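Quick notes on the structure that follows.
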Amino acid sequence: MATDTDTQVHGGRLVARRLKAHGVTKLFTLSGGHLFSIYDGCRAEGIELVDVRHEQSAAFAAEGWAKVTRSPGVCALTAGPGVTNGMSAIASASQNHSPVLVLGGRAPAFRWGQGSLQEIDHVPFVRPLVKLAATPDGPAEMPALIDEALSAAITPHSGPTFLDFPLDHVFTEAAEPGPPEPLPRPWEGPGADFRALEQAAAVLRDAERPVVMAGSGLYWGRGEQQLCELAERLRIPVFLNGLGRGCLAADHELFFSRARAAGLGQADAALVIGVPLDFRLGFGASFAPEAQIVVIDVAEPERDHPRPIAAELYGALPAT
5 MATDTDTQVH GGRLVARRLK AHGVTKLFTL SGGHLFSIYD GCRAEGIELV
55 DVRHEQSAAF AAEGWAKVTR SPGVCALTAG PGVTNGMSAI ASASQNHSPV
105 LVLGGRAPAF RWGQGSLQEI DHVPFVRPLV KLAATPDGPA EMPALIDEAL
155 SAAITPHSGP TFLDFPLDHV FTEAAEPGPP EPLPRPWEGP GADFRALEQA
205 AAVLRDAERP VVMAGSGLYW GRGEQQLCEL AERLRIPVFL NGLGRGCLAA
255 DHELFFSRAR AAGLGQADAA LVIGVPLDFR LGFGASFAPE AQIVVIDVAE
305 PERDHPRPIA AELYGALPAT
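With my numbering applied, the sequence shown covers 5 to 324.
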């Protein structure tokens, strides 16, 4: 509980300090009046404000930052049309499992429902696209919600989260809480269970023409070094798509690109790492009907597999 001796900080500064505590260095935005307090906080805390010309660009830039750094990208969109303009980029981050935190402005809470400038309840229409969507009840709740949103964004399967802050809350002072707990590092967690590993090993042991098909989940799971070691040890050809491109050097002797259709179609076993069996793999038909498929990913799939799977390995990729 706040006391007279607690340091009182306005809500925008609380937001900026929490972002900084979690390593955020850039905020992508298009200037909007509902966000001025957050801008002031970012300037005071040394977070670079990257101003664009459309809110969609701000949200796409945050996703781009997440893809390049494998850390959360953060954008701030003003209330109403600012948030709605960012919806396509939020959907993109959802489909790509990009860890993005979207901060929205919001009409003041004390006049909610009376027709304030750009007043709209963002949370209901954003929620289907994000892992977490919330509005704090006051400035004191903001730091903990930022902790929760960033943690959710990077927890597998990673993806976007959304918080909006009422105008009166970001200009109201509250006591600053203590430092946050470190964000999770899921790539350092436990690997797949032993029985699943034994099943996968048996598939590889019996295979004559194994292949690896790896994609974005490999990149997000930081398993590129282990992929290279596995391929070189077992002499398995590797095919890549999505953000998996580059996880094995383009000039590596075991990386193949143009031969993918033939390689996958003639394989008798495949390690499918961080790639859903969706349209990109013919809903599983890119592999021969008799091929044994081993699915490896950072977390269980978001939809059912379209064909039988010989083994499923879910967990931190370096450990798996």
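Backbone N, C-alpha and C fix where the C-beta goes; we use that ideal spot for every residue, glycine too. Here the structure is a predicted model, which is why all the values come from computation and not from measurement.
Cβ-Cβ distance between residue 92 and residue 164 below 8 Å: no
Inset, instruction - Give a yes or no on whether the C-beta atoms belonging to residue 271 and residue 311 are separated by under 8 Å. - result: no
**Q.** Meets three-Cβ-pair contact criterion under 8 Å: the region 46 to 58 and the region 23 to 31
**A.** Three or more pairs of CB atoms, one per stretch, sit closer than 8 Å, so the region 46 to 58 contacts the region 23 to 31.
message = Please classify residue 315 as buried or exposed, where buried requires at least 16 neighbouring CB atoms within 10 angstroms.
response = buried
Are there 16 or more other CB atoms within 10 angstroms of the CB of residue 244, so buried, or fewer, so exposed? buried
Inset, instruction - Tell whether a beta-carbon distance below 8 Å holds between residue 82 and residue 37. - result: Result yes, Cβ atoms of residue 82 and residue 37 sit closer than 8 Å.
> Relative to the alpha-carbon of residue 143, which residue among 293, 198 and 181 has its alpha-carbon at the smallest distance?
Replying inline: Comparing Cα-Cα distances from residue 143 to each of 293, 198 and 181, the minimum goes to 181.
In three-state DSSP terms, what is residue 56?
coil
Self-check item: Bounding residues of the beta strand (DSSP E) (the contiguous stretch that carries residue 270)
Solution: No beta strand (DSSP E) contains residue 270, which is instead part of the alpha helix (DSSP H) from 264 to 270.
Length of the line joining the Cα atoms of residue 187 and residue 105
14 Å
Are the region 246 to 258 and the region 190 to 204 in contact at 8 Å, needing three or more beta carbon pairs?
no
Taking the continuous beta strand (DSSP E) assigned at residue 108, which residues delimit it? Counting along the chain, the beta strand (DSSP E) containing residue 108 begins and ends at 104 to 110.
- Among the residues of its own chain, which have a CB less than 6 Å from the CB of residue 30, if the five just before and after it don't count? 52 and 54
Practice item. Entirely within the region 11 to 40 and at least 3 residues each: give me those beta strand (DSSP E) ranges in chain order. Key: Listed in chain order, they are 12 to 14 and 30 to 33.
Would you check if there are 3 or more beta carbon pairs closer than 8 Å linking the region 273 to 280 to the region 292 to 304? Note that the region 273 to 280 touches the region 292 to 304; at least 3 beta-carbon pairs, one per stretch, sit closer than 8 Å.
Check the C-beta distance from residue 217 over to residue 258 and give it rounded, since I have them as a contact under 8 Å.
Incorrect: roughly 13 Å between the Cβ atoms, too far for contact.
>> Could you give the first and the last residue of the continuous alpha helix (DSSP H) run that contains residue 273?
In response: That residue, residue 273, is in no alpha helix (DSSP H); its beta strand (DSSP E) goes 273 to 277.
Here's the rule I'm using: 16 or more other beta-carbon atoms within 10 Å means buried, otherwise exposed. How should residue 400 be labelled? Residue 400 lies beyond the stretch modelled for the chain, which goes from 5 to 324, so this question has no answer here.
Start and end of the beta strand (DSSP E) containing residue 167?
165 to 170
Return helix, strand or coil for residue 251, following the three-state DSSP convention. coil
*Work out the CA separation of residue 147 and residue 153 for me, nearest whole Å.*
10 Å
Q: Going by CA-CA distance only, name the one from 116, 123, 129 and 124 that's closest to residue 95.
A: Here the closest residue by C-alpha is 129.
ask   = So what does residue 242 bridge to, in DSSP terms?
value = 216 and 259
Margin query: Please report the distance separating the alpha-carbon of residue 3 from that of residue 16.
Written below: Any question about residue 3 goes unanswered here, given that the chain covers just 5 to 324.
| request: Could you tell me if residue 73 is buried or exposed, where buried requires 16 or more neighbouring beta carbons within 10 angstroms of its beta carbon? | output: exposed
Less than 8 Å between the C-beta atoms of residue 90 and residue 60, yes or no? yes
Would you kindly work out how many angstroms separate the C-alpha atoms of residue 139 and residue 123, rounded to a whole number? 14 Å
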